[in-house]
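> Listed in order, the protein sequences are those of chains H and L.
Read in order, the letters of the first sequence correspond to residues 0 to 137 in numbering that gives the first Met the number 0.
Read in order, the letters of the second sequence correspond to residues 0 to 137 in numbering that gives the first Met the number 0.
C-beta: ideal position from N, C-alpha, C; glycine also.
Protein chains: 2
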Amino acid sequence: MENHRSYCAINLGLEVFGDKWSLIIIRGIMFEGKRHFRELLQSDEKIASNILTDRLAMLEREGIITKEGDPEHKQKIIYSLTQKGIDLLPILTQVVVWSFKYMPIDIEVNRHAKMVAEGGNEMQEAIKQQLRKEHLKS
Amino acid sequence: MENHRSYCAINLGLEVFGDKWSLIIIRGIMFEGKRHFRELLQSDEKIASNILTDRLAMLEREGIITKEGDPEHKQKIIYSLTQKGIDLLPILTQVVVWSFKYMPIDIEVNRHAKMVAEGGNEMQEAIKQQLRKEHLKS
DNA sequence: TGCAACCAGTTGCATTTTACAATTAAACAT
DNA sequence: ATGTTTAATTGTAAAATGCAACTGGTTGCA
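(1) Who are G68/L's beta bridge partners in DSSP?
(2) Per DSSP, what kind of secondary structure is E59/L in: helix, strand or coil?
(3) Please classify G12/L: is it buried, with 16 or more other beta-carbons within 10 angstroms of its beta-carbon, or exposed?
(4) How about V115/L and T92/L: are their beta carbons less than 8 Å apart?
(5) So I85/H packs on V95/L, CB below 8 Å; how close in whole Å?
(6) State yes or no: is the C-beta of H134/L nearer than 7 Å to some heavy atom of the ligand ATP?
(7) Could you list which residues in chain H have their beta carbon closer than 8 Å to that of R4/L, in chain order?
(8) Rounding to the nearest angstrom, what Cα-Cα distance links G17/H and K83/L in this structure?
(9) Taking 8 Å as the threshold (C-beta atoms), are H134/H and S79/H in contact?
(10) Comparing alpha-carbon positions, which option in Q129/L, S21/L and K45/L lies nearest M57/L?
(11) Mark T50/H as exposed unless 16 or more other C-beta atoms lie within 10 angstroms of its C-beta, in which case mark it buried.
(12) Looking only at C-alpha atoms, which of E44/H, Q74/H and V15/H sits nearest to E59/H?
(13) Under a three-way DSSP split, which group does D53/L fall into?
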């Protein structure tokens with residue numbers, strides 16, 4: 000049996016990704032095409048390798064990502080999003096929209112984010128479809 | 000000068016509300032009509048009073064809430080959302096939508112959340128308008 | 001075959017944050 | 001006057017995070 004702080008919808012979501020790193024990792028996989036540990040380690044925010052290990056395990060446990068060996072490179076591991084992970088896109092998108100309105104955004108650094116934020120629902124659906132193609136094996 | 004981990008839009012948002020408590024507090028003010036310290040302390044998730052104090056100060060510093068003395072009760076303090084705080088509604092809404100799809104939601108506990116999640120854009124606009132009326136003095 | 005570089009972590013330890021419980025000072029109600 | 005309510009504060013233990021070094025295997029290349 001799992002132990003939740005409460006069964007409020009907002010809380011249940013926050014229990015999974017309500018921390019400083021989880022959505023940063025999802026961003027890397029979702030928007031920056033990162034699929035390997037080493038790539039995710041290289042973010043501007045400088046996540047520590049033990050924290051990255053911990054969060055990847057948690058995200059896998061929660062069914063948001065999957066891991067598998069890279070058939071081309073026996074020492075590499077490929078991280079993929081599940082549908083549950085892909086469905087975090089609307090949350091990420093709204094974070095971007097809010098930050099564009101209120102935070103000191105570097106427009107150059109956030110070209111792609113700006114596109115997502117301004118692209119509306121059709122842009123999101125296009126991205127989701129692309130992600131399904133690249134991440135879901137079925 | 001502020002010290003940001005990075006100037007990525009997603010990161011800048013997470014630096015403000017990317018933790019286990021900030022959005023729980025916003026939820027209390029936004030959806031449960033809580034305006035006093037004591038009310039916010041009474042959530043199901045049982046936030047500790049020192050953490051609540053800390054987060055309220057942070058949210059005020061970030062311009063997401065304001066505090067003012069209650070004219071009716073000199074020992075009470077009223078917490079209000081700013082427009083920046085009200086604009087967190089779409090993020091909260093998407094968290095609710097995601098949790099309804101993937102987490103073990105207690106439907107009874109989340110009647111209001113379900114309404115928000117299913118209400119679409121017009122529902123959100125109605126809520127925003129109501130919040131502006133109750134929280135913004137202008 | 002030998003060797004350096006690469007990969008996904010792991011380990012140990014210091015620092016920071018959070019949790020928990022008790023306490024406080026001012027304001028208020030009776 | 002006295003007890004209650006309010007928004008906190010304080011002290012301390014526990015947990016999470018940050019940091020740097022290290023590991024055991026893999027790969028590319030000479």
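With the given structure in hand:
(1) Position 69 of the second sequence, counted from the start, is the residue given in the question as residue 68/L. I76/L.
(2) Taking the second sequence and counting its residues from 1, the one referred to as residue 59/L is at position 60. Here E59/L sits in helix by DSSP.
(3) Taking the second sequence and counting its residues from 1, the one referred to as residue 12/L is at position 13. With 16 or more other Cβ atoms within 10 Å, it is buried.
(4) The residue given as residue 115/L occupies position 116 in the second sequence. The residue given as residue 92/L occupies position 93 in the second sequence. In this structure, T92/L lies closer than 8 Å to V115/L by Cβ.
(5) Within the first sequence, the letter at position 86 stands for residue 85/H. Within the second sequence, the letter at position 96 stands for residue 95/L. Contact between I85/H and V95/L is ruled out by a C-beta separation of about 18 Å, above the 8 Å threshold.
(6) The model depicted lacks the ligand ATP and carries no ligand whatsoever.
(7) As a first step, residue 4/L must be located in the second sequence, where it is residue number 5. Here the neighbours are D43, E44 and K45.
(8) Position 18 of the first sequence, counted from the first residue, corresponds to residue 17/H. Position 84 of the second sequence, counted from the first residue, corresponds to residue 83/L. Straight across, the Cα-Cα distance linking G17/H with K83/L is about 20 Å.
(9) If you number the first sequence from 1, residue 79/H lands on position 80. If you number the first sequence from 1, residue 134/H lands on position 135. Contact flag set, yes.
(10) What you label residue 57/L is simply residue 58 of the second sequence in a count that begins at 1. Of the listed residues, the one whose Cα sits closest to M57/L is S21/L.
(11) By 1-based counting over the first sequence, the position of residue 50/H is 51. According to the sequence displayed, residue 50/H carries Ile and not Thr. Exposed.
(12) Your numbering for residue 59/H matches position 60 in the first sequence. E59/H has its Cα closest to that of V15/H, out of E44/H, Q74/H and V15/H.
(13) Translated into positions along the second sequence, residue 53/L becomes position 54. D53/L falls in the helix class under three-state DSSP.
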